[in-house]
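With the sequence shown counted from 1, adding 33 to any position gets you our numbering. Every residue gets a Cβ at the ideal spot worked out from N, C-alpha and C, and that includes glycine. No experiment lies behind these values; they were computed from the predicted model shown.
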Amino acid sequence: MQTAGRPRPESGRPKNRLAASLLSLQVFPVDVNAEIEYHKHVPELEEPPAPTAPEKFREYAEAPHRTWKPLHRFLGFIHEARPATLLEIGCGAGQLTTRLAKTGYRVTALELSPELVAATRRRAELDGVAERIEAVEANLETYDPGERRFDLVVAKLVLHHVRVEKALDVIVKALKPGGVAVVWEPVAFCPWLQKFRDLMPVKKDISPNERQLNQADLEMIAARFERVQMEVFYLLGRVRRLLPAGLRAGGMMAGIEKLDAFLLRNLPCLRPMAGTMVLRCQNPITDPARRAERQKIRHYPQLIKGALNDAKLPREFPLTQNGS
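Structure (structure tokens):
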């Protein structure tokens with residue numbers, strides 16, 4: 034869906050004070066050392082090195098059949114782009130990285146933590162796709178792709194750790210003309226609802242710089258691309274943290290996710306209350322004049338109205354045995 038939106042007031046900002054605060058640019062210093070220290074203790078580094086389980090690769094192949102899950106929609110948008118070269122920002126310990134390489138894509142994977150870069154390289158070796166993966170230790174905000182350009186950039190739960198505008202500069206520069214960025218992020222489009230959710234008695238496992246993206250961030254992203262699609266998930270997502278671990282992975286959680294999808298599809302008024310978004314952004318804008326034009330438009334109302342579109346995806350994703 035192309036985001037036409039409606040023009041903002043001449044000042045470039047909405048007159049309503051609440052709307053103005055939502056659209057204000059949220060800039061904060063990122064404590065890089067604190068992020069690196071935090072990621073020394075993530076669960077992925079505590080697990081002994083082992084090849085990715087076959088069912089994880091099957092999960093990728095079955096993604097088109099489970100579009101009520103953000104992970105599968107995220108994977109669907111990636112494969113829909115059919116990239117030859119792919120830049121993954123914030124690869125973690127490489128779980129997604131090797132799955133992408135297993136489909137035949139060549140992946141450059143960025144990660145701030147040296148421990149996680151090493152874990153990605155180990156996983157690539159164990160999964161037999163090391164020749165298709167280049168794991169790079171880099172700060173996303175300052176990364177320079179040089180002359181390299183990619184068909185696709187993917188960001189899975191990364192942008193809420195950094196300054197979005199800085200990250201967008203890198204993403205737009207790294208993409209080829211007509212390229213695609215696929216983004217999956219937690220969101221808080223309704224500040225009052227987020228305050229209520231934060232009161233829930235659940236353990237919050239967050240890093241020092243972490244936050245949810247808001248309407249201002251979405252506007253920034255939409256202004257940097259000619260076409261943007263958005264789908265939203267997790268209206269009841271916080272409920273899963275109240276469930277015992279066994280139920281979280283079982284049928285009850287799947288039922289909650291399906292109920293989420295039904296409510297968000299049939300009751301558009303609930304979409305601003307969702308907790309997660311998946312974006313497909315195509316045709317990066319490098320011309321300053323065109324970018325200025327896009328910045329005059331409020332994209333959020335149209336994006337949230339058109340959330341959960343029915344993009345047709347292939348019945349199955351191809352998987353190779355050795356990444357060839």
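Around the C-beta of valine 169, fewer than 16 other C-beta atoms lie within 10 Å, and the residue is accordingly described as exposed.
Under the DSSP assignment, methionine 263 falls outside any alpha helix (DSSP H), being part of the beta strand (DSSP E) whose first and last residues are 258-266.
Glutamate 290 and isoleucine 166 have their C-alpha atoms spaced approximately 33 Å apart. The beta carbon of cysteine 124 sits closer than 6 Å to those of Thr130, Ala142, Glu144, Thr153, all from its chain and outside the five residues before and after it, given in chain order. The stretch 276-331 is shown to contain whole alpha helix (DSSP H) runs of 4 or more residues at 278-281, 284-299, 321-328, in chain order.
Between the alpha carbons of tryptophan 225 and methionine 306 lies a distance of about 10 Å.
Assignment of arginine 132 by DSSP, reduced to helix, strand and coil, places it in the helix class.
Note on geometry: alpha-carbon atoms of proline 81 and arginine 323 lie some 49 Å from one another.
Look at arginine 182 here: in three-state DSSP terms it is coil, with no helix or strand label.
Threonine 85 carries a coil assignment under DSSP once its states are collapsed to helix, strand and coil. Note on glutamate 88: under 16 other CB atoms within 10 angstroms of its CB, so exposed under the neighbour-count rule. Looking at the DSSP output, arginine 106 sits in no beta bridge, so it has no partner there. Taking all protein chains shown into account, asparagine 247 has 16 or more neighbouring C-beta atoms within 10 Å of its C-beta and is therefore buried. Excluding its 5 nearest sequence neighbours in each direction, phenylalanine 183 has C-beta neighbours in its own chain below 8 Å: Pro116, Thr118, Leu119, Leu120, Thr141, Ala207, Leu208, Lys209, Gly212, listed in chain order. Taking the Cα positions, lysine 189 is about 8 Å away from isoleucine 122. Alanine 126 sits in coil when the DSSP states are folded into three classes, being neither helix nor strand. Taking a C-beta distance under 8 Å as the contact criterion, asparagine 316 and arginine 260 qualify as a contact pair. In terms of CA proximity to isoleucine 111, Tyr138 leads the group Tyr138, Gly127, Ala151. At a Cβ-Cβ threshold of 8 Å, arginine 156 and glycine 127 count as neighbours. Leucine 251 counts as buried, since at least 16 other C-beta atoms from the protein chains shown sit within 10 angstroms of its C-beta. In this structure, the beta-carbon distance from alanine 214 to cysteine 314 falls below 8 Å. Here DSSP, grouped into helix, strand and coil, assigns leucine 190 to coil.
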